[in-house]
């Protein structure tokens with residue numbers, strides 16, 4: 301069965317600095333998709349970035365980028381120029397043709 | 225474009241009572257999902273609908289949980305009777321086709337507290 305592991309329950313960063321959130325996953329599939337979702341206190345899950353496993357190039361979305369290491373089954377999220385509004389829970393998620401599987405989340409605090 | 229709507233936002237009930245949650249997906253989205261998110265955990269899929277048919281309900285506790293999606297649009301999730309361990313946030317999501325390439329859009333969730 302596929303599993304997603306986020307080993308950092310909490311992280312903190314100073315405003316304008318860079319932070320990296322870690323995620324590892326376990327699968328025997330070769331074709332799948334990986335996601336990072338943000339969940340602010342409002343509880344609404346918001347898609348931050350996605351990566352197709354067949355693409356070697358790391359996805360980027362403005363200040364958000366990923367480091368996708370397929371052989372190591374690692375999918376970390378880098379947030380550059382952190383802003384106060386980035387404070388939230390961040391969930392890593394995996395999907396092939398089946399259901400979306402989430403990790404346990406990392407709470408990110410941003411200090412001014 | 226309006227997002228996924230859910231109601232109520234909060235609900236407090238006693239154990240053994242019944243409760244129902246409502247979800248209205250994004251217009252035109254064929255696939256609707258219900259997730260359960262227990263405090264400190266990531267969301268877990270309970271049931272997935274494709275139009276008004278069930279695609280996956282393997283993790284739905286069918287002795288107490290039920291869900292329907294009449295006419296392939298709105299959906300309701302019911303718990304009867306509720307247990308203490310049902311305290312969680314219930315998230316509804318929708319996607320255009322249900323393919324794994326599709327983005328799932330989430331609603332604000334309903335926080336259920338069972339006393």
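Chains as they are written, first to last, in my numbering: chain B, 301 to 412; chain C, 225 to 339.
Backbone N, C-alpha and C fix where the C-beta goes; we use that ideal spot for every residue, glycine too.
Min CB distance residue i to chain C below 9 angstroms
i	result
residue 393/B	yes
residue 399/B	yes
residue 334/B	no
residue 354/B	no
residue 385/B	no
residue 404/B	yes
residue 311/B	no
residue 363/B	no
residue 337/B	yes
residue 358/B	no
Test: residue i CB closer than 9 angstroms to a CB of chain B
i	result
residue 332/C	yes
residue 295/C	no
residue 244/C	no
residue 268/C	yes
residue 240/C	no
residue 321/C	no
residue 338/C	no
residue 342/C	No answer is possible for residue 342/C: it lies beyond the span of chain C, which begins at 225 and ends at 339.
residue 301/C	no
residue 255/C	no
residue 324/C	yes
residue 280/C	yes
residue 288/C	no
residue 264/C	yes
residue 315/C	yes
residue 272/C	yes
Straight-line gap, residue i to residue j (C-alpha atoms, nearest Å)
i	j	result
residue 301/B	residue 259/C	19 angstroms
residue 278/C	residue 245/C	17 angstroms
residue 239/C	residue 377/B	40 angstroms
residue 274/C	residue 285/C	20 angstroms
residue 318/C	residue 371/B	31 angstroms
residue 316/C	residue 230/C	7 angstroms
residue 298/C	residue 276/C	9 angstroms
residue 289/C	residue 303/C	5 angstroms
residue 328/B	residue 325/C	19 angstroms
residue 418/B	residue 339/C	Chain B is shown only over 301 to 412; residue 418/B falls outside these bounds and no answer can be derived.
residue 363/B	residue 379/B	6 angstroms
residue 305/B	residue 341/B	22 angstroms
residue 281/C	residue 291/C	9 angstroms
residue 334/B	residue 314/B	27 angstroms
residue 243/C	residue 334/C	11 angstroms
residue 337/B	residue 295/C	30 angstroms
residue 359/B	residue 233/C	34 angstroms
residue 403/B	residue 366/B	16 angstroms
Residue j beta carbon less than 9 angstroms from that of residue i
i	j	result
residue 448/B	residue 264/C	Look at the range of chain B in this structure, 301 to 412, and you will see that residue 448/B is not part of it.
residue 323/C	residue 253/C	no
residue 324/B	residue 307/B	yes
residue 256/C	residue 293/C	yes
residue 381/B	residue 310/B	no
residue 332/C	residue 344/B	yes
residue 407/B	residue 332/B	no
residue 262/C	residue 228/C	no
residue 301/C	residue 269/C	no
residue 351/B	residue 389/B	no
residue 326/B	residue 373/B	yes
residue 347/B	residue 327/C	yes
Does the pairing of the segment 311-324 of chain C with the segment 383-391 of chain B give three or more beta-carbon distances under 8 angstroms?
no
Can you check the segment 347-388 of chain B for any beta strand (DSSP E) of at least 3 residues that lies completely inside it and give the ranges in chain order?
364-369, 374-379
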